[in-house]
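Below: one structure, written as structure tokens.
2 protein chains.
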Amino acid sequence: MITPQVAVAMDWGGTWIRTAVINRQGDILWQAREPNPQNGTKEQYLAHAEQLLATAIEHAGGPVAGIGAAVAGPVEPTTGTFYQPPNLKVLDGVSFNALWEDKFSLPVWVGNDANLAAMGEFYFGAGKQSAEQGQPVKSLFYVTVSTGVGGGAVDNGRLFLGANGLTAEIGHTIVNPSGDALNCECGSRGCLETAASGTSIARIAKIRLAASEFPDSVLAGLEPDNVDSEAVFDAAQRHDPLAVSILDGVVSALAIGLTNVVHLFNPDMIVLGGGVTVGLVKLDLLTAIKNQILGRAMSELHKEFQLTSAALGDSVGLVGAAALVWQQLDKAQE
Amino acid sequence: MITPQVAVAMDWGGTWIRTAVINRQGDILWQAREPNPQNGTKEQYLAHAEQLLATAIEHAGGPVAGIGAAVAGPVEPTTGTFYQPPNLKVLDGVSFNALWEDKFSLPVWVGNDANLAAMGEFYFGAGKQSAEQGQPVKSLFYVTVSTGVGGGAVDNGRLFLGANGLTAEIGHTIVNPSGDALNCECGSRGCLETAASGTSIARIAKIRLAASEFPDSVLAGLEPDNVDSEAVFDAAQRHDPLAVSILDGVVSALAIGLTNVVHLFNPDMIVLGGGVTVGLVKLDLLTAIKNQILGRAMSELHKEFQLTSAALGDSVGLVGAAALVWQQLDKAQE
């Protein structure tokens, strides 16, 4: 039997649910985006998602190879069971694979959104671009630096999933073990997320403004509500000393977290995504991060990695979900 | 063809070279140990190793399934090329696989000794014991805390190798990013190895004695040459306050490094080996390490891991090398 050449992909976040039809090359042939039902029950959420999947299947215009879904939260890889998703709490305990395989008579694979973003970048983003330039990637580590900080790891084309699929949580690795470390949402202290996320950049700015450091900073003249990560990046672009100092801290924290990743995962490509990364790229700070990692790397072979920003934008979850479908089908045929 | 039921294993360290005949169950049926040639050339080292392999093959008493070798240093996994081994410098650049496959007409697999120790514990040590008690292990992270600190990761039965086989180097993850961190042999500062290895325990003891902390400590009464990690463990067993304080630091450092491992690898088993671990176990400090990790873990599923000491002793490298042979042969037959 010839495998159909399109997959249906879903990216289910806390606010939006996106669906798409995607081919073997990672091209999005059709897509849609809708908000989750407001204050909906589990049944309403699921009915809505199934309706969107059905619509996507219709738009495939022929046989569909399978369904891939990226979901915002921890997910058990073999059953696709959602586990205490912080932004989709009503879906706790739902096992997507059995549910949708039954409903649509198609194979279903579900993964955490940051893990699948790593798959998307490996097969259809920065990893593909590198391969086209004659430098195929063996092991890719993806980090999203956004409201929070998450990650995903792909090793030789496969997701690295550990015991429960909860790998690559670089946002909760410790970059500041000292007594003055900031508390993290996760209950711990000194996590990378407290030093580099968009939320943390705003929080650090407010703490340092309250301490009256750099009273001449343009940030000191803003309404507290307007002191967000974008304001810090804007001020840094105009060489504001407080903003520059805050971003120096972000760079150091990311370099420490990524040095640990380099020594533990030995990747040949690190891809940074998310809104904070966009700001770092504008200020050419990825070079500073890479130089700090190189200064700490233990061997020449550990230094052989590319550090690059994400090639795929908002659609990275959808494309990664499709990449999971193709990789799983190819694996089954090996 | 029926696969022969014995493998020849080698564990090649900086001082000793060990060989063994090992069966499918991980039992050592025969073994030998010899020192490396003193100040030998590359050719002398290789001739010596080949002679020991030939002797082991003779002792197999029948057909041999393959040769597995654990070597002390970075090794490229597909060719078995040794890369700047710090303690076997004359062997830099040697590609064992082609060399020995040609010589012995047997399949050859070579791995880094800490990586293969992880394989040994997974298949024939702590992982096997857990499986026999009804709790099979999916993802195991091994740490040797000895003269240095190294590691290995086995995920679903396979070595996690990254781009160049240089993974799981937990000894060079950063646990102290502050300005007063100790310099590490690797050229960086604040690495776990500077806070938890046997060498570092002695170094820290000397630094703190020089600072005249705890002048009543029994360690202050020793000749400087006798202030080693064993002396610190002995003193801690007698509740010496300086020794206890030093080991508190070792526990904290290991807990930070392993918290990062828990969030990045999501293992269901962490195995600690090496001489320092023996000391920690005597003082019941593994429990303290585990409690500190649990206090920092971001989710309930991340807390679902066993922390245990190594089940295999000095033969872990040999047994791990045999485990690699069986796993690779089984993979080829899948």
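Taken in order, these protein sequences are the chains called A and B. Per this note's numbering: the first sequence = residues 1 to 334. Per this note's numbering: the second sequence = residues 335 to 668. Glycine included, every Cβ here is placed at the ideal spot set by N, Cα and C.
Given residue i as reference, the closest of the options once Cα atoms are compared
i                : options                                   : result
Val108 (chain A) : A:Ala321, A:Trp12 and A:Arg238            : A:Ala321
Asn490 (chain B) : B:Phe456, B:Arg537 and B:Val595           : B:Phe456
Leu312 (chain A) : A:His302, A:Ala323 and A:Lys303           : A:Ala323
Leu576 (chain B) : B:Val561, B:Phe548, B:Val595 and B:Glu519 : B:Phe548
Asn357 (chain B) : B:Ser546, B:Val585, B:Ser563 and B:Gly396 : B:Gly396
His382 (chain B) : B:Gly613, B:Ala404, B:Leu628 and B:Asn370 : B:Asn370
Ala631 (chain B) : A:Ile201, A:Gln237, A:Ile170 and A:Val278 : A:Ile170
Gln385 (chain B) : B:Val398, B:Ala399 and B:Ala366           : B:Ala366
Leu29 (chain A)  : A:Ala332, A:Leu329, A:Ser315 and A:Lys331 : A:Ser315
Val653 (chain B) : B:Arg352, B:Ile336 and B:Gln372           : B:Arg352
Cys518 (chain B) : B:Gly454, B:Leu641, B:Leu422 and B:Glu527 : B:Glu527
Pro224 (chain A) : A:Ala205, A:Gly190, A:Gly179 and A:Val71  : A:Ala205
Asp618 (chain B) : B:Leu663, B:Gly407, B:Leu635 and B:Leu641 : B:Leu641
Glu34 (chain A)  : A:Trp16, A:Val110 and A:Gln44             : A:Trp16
Ala149 (chain A) : A:Phe104, A:Lys103 and A:Thr277           : For the sequence presented, residue 149 (chain A) should be read as Val rather than Ala. Checked all of A:Phe104, A:Lys103 and A:Thr277; the closest Cα to Val149 (chain A) is A:Thr277.
Asp105 (chain A) : A:Ala54, A:Gln133, A:Tyr83 and A:Ala70    : First, the amino acid is wrong: residue 105 (chain A) is Ser here, not Asp. Minimum Cα distance to Ser105 (chain A) is reached at A:Ala54.
Trp346 (chain B) : B:Gln571, B:Leu450, B:Ser579 and B:Ala622 : B:Leu450
Pro411 (chain B) : B:Glu638, B:Val578, B:Ala515 and B:Arg492 : B:Arg492
Glu392 (chain B) : B:Ser633, B:His506, B:Ala341 and B:Asp574 : B:Ala341
Glu578 (chain B) : B:Ser633, B:Ala622, B:Leu663 and B:Glu634 : The question names Glu, but residue 578 (chain B) in the sequence shown is Val. Nearest option by C-alpha distance: B:Ala622.
Gln571 (chain B) : B:Val561, B:Lys616, B:Ala589 and B:Ser534 : B:Lys616
Lys42 (chain A)  : A:Glu304, A:Phe96, A:Ile2 and A:Ser299    : A:Phe96
His302 (chain A) : B:Lys637, B:His506 and B:Glu638           : B:His506
Glu634 (chain B) : A:Tyr45, A:Pro74 and A:Asn39              : A:Pro74
Leu380 (chain B) : B:Arg542, B:Leu433 and B:Ala406           : B:Leu433
Asn266 (chain A) : A:Lys103, A:Gly179 and A:Glu304           : A:Glu304
Check whether residue i and residue j have beta carbons under 8 Å apart
i                : j                : result
Asn112 (chain A) : Gly165 (chain A) : yes
Leu264 (chain A) : Thr413 (chain B) : no
Gly591 (chain B) : Ser139 (chain A) : no
Phe475 (chain B) : Ile604 (chain B) : yes
Gly608 (chain B) : Ser464 (chain B) : no
Ala310 (chain A) : Gly125 (chain A) : yes
Gln626 (chain B) : Val585 (chain B) : yes
Ala114 (chain A) : Gly151 (chain A) : yes
Pro4 (chain A)   : Ala56 (chain A)  : no
Leu422 (chain B) : Gly360 (chain B) : no
Asp602 (chain B) : Val477 (chain B) : no
Pro511 (chain B) : Gly521 (chain B) : no
Ala70 (chain A)  : Gly249 (chain A) : no
Met453 (chain B) : Gln661 (chain B) : yes
Nearest-angstrom beta carbon gap, residue j and residue i [assumed within contact, 8 Å]
i                : j                : result
Ala530 (chain B) : Ala487 (chain B) : Not a contact, Cβ separation roughly 18 Å.
Val595 (chain B) : Leu581 (chain B) : That belief does not hold up - the Cβ atoms of Val595 (chain B) and Leu581 (chain B) are roughly 20 Å apart, past 8 Å.
Ala60 (chain A)  : Val21 (chain A)  : 5 Å
Gly532 (chain B) : Ser563 (chain B) : 4 Å
Leu620 (chain B) : Leu614 (chain B) : 6 Å
Ile508 (chain B) : Thr81 (chain A)  : Ile508 (chain B) to Thr81 (chain A), Cβ: 35 Å. No contact.
Val227 (chain A) : Ala255 (chain A) : No, Val227 (chain A) and Ala255 (chain A) are not in contact; Cβ-Cβ is about 25 Å, not under 8 Å.
Pro753 (chain B) : Asp426 (chain B) : Chain B is shown from 335 up to 668; residue 753 (chain B) falls before or after that span and cannot be answered.
Asp336 (chain A) : Leu222 (chain A) : Residue 336 (chain A) lies beyond the residue range present for chain A, which begins at 1 and ends at 334; the question has no answer from this structure.
Cβ-heavy atom distance, residue i to the ligand MN, below 7 Å
i                : result
Asn115 (chain A) : Ligands displayed in this structure: none; no statement on the ligand MN is therefore possible.
- Item | Proximal residues, the segment 539–552 of chain B versus chain A, C-beta separation under 9 Å | none
- For the segment 496–512 of chain B, which residues have a CB atom closer than 9 Å to at least one CB atom of chain A, in sequence order? Gly496, Ala497, Asn498, Gly499, Leu500, Thr501, Ala502, Glu503, Ile504, Gly505, His506, Thr507, Ile508, Val509, Asn510, Pro511 and Ser512
- Task: Can you check the segment 133–167 of chain A for any beta strand (DSSP E) of at least 3 residues that lies completely inside it and give the ranges in chain order?
- Result: List check, beta strand (DSSP E) in window: 139–145 and 149–155.
- Task: Kindly provide the ranges of any beta strand (DSSP E) runs that are 3 or more residues long and lie completely inside the segment 386–457 of chain B, ordered along the chain.
- Result: 401–405 and 442–446
- Can you list the alpha helix (DSSP H) stretches of 4 or more residues lying completely in the segment 554–587 of chain B, in chain order? 563–571
- Message: Output needed in chain order: residues of the segment 284–311 of chain A with a Cβ under 9 Å from some Cβ in chain B.
- Response: Of all residues in the segment 284–311 of chain A, those with a C-beta nearer than 9 Å to a C-beta of chain B are Gly295, Arg296, Ala297, Met298, Ser299, Glu300, Leu301, His302, Glu304 and Phe305, reading in chain order.
- Mind listing which residues of the segment 394–426 of chain B have their C-beta closer than 8 Å to chain A's C-betas, in chain order? Pro408, Tyr417 and Gln418
- Report the residues of the segment 463–475 of chain B with a CB closer than 7 Å to any CB of chain A, ordered along the chain. Those would be Lys472 and Ser473, in chain order.
- Task: Please name the residues in the segment 583–601 of chain B whose beta-carbon is closer than 8 Å to at least one beta-carbon of chain A, in chain order.
- Result: Ser586, Ile590, Thr593, Asn594, Val595, His597, Leu598, Phe599, Asn600 and Pro601
- Query: Between the segment 478–497 of chain B and chain A, which residues of the former have CB atoms less than 9 Å from a CB of the latter, in chain order?
  - Reply: Gly485, Ala487, Asp489, Asn490, Phe494, Leu495, Gly496 and Ala497
- Could you list the residues in the segment 228–251 of chain A with a C-beta less than 9 Å from some C-beta on chain B, going in chain order? none
- Task: Would you list, in chain order, the members of the segment 647–659 of chain B that have their beta-carbon closer than 9 Å to a beta-carbon of chain A?
- Result: none
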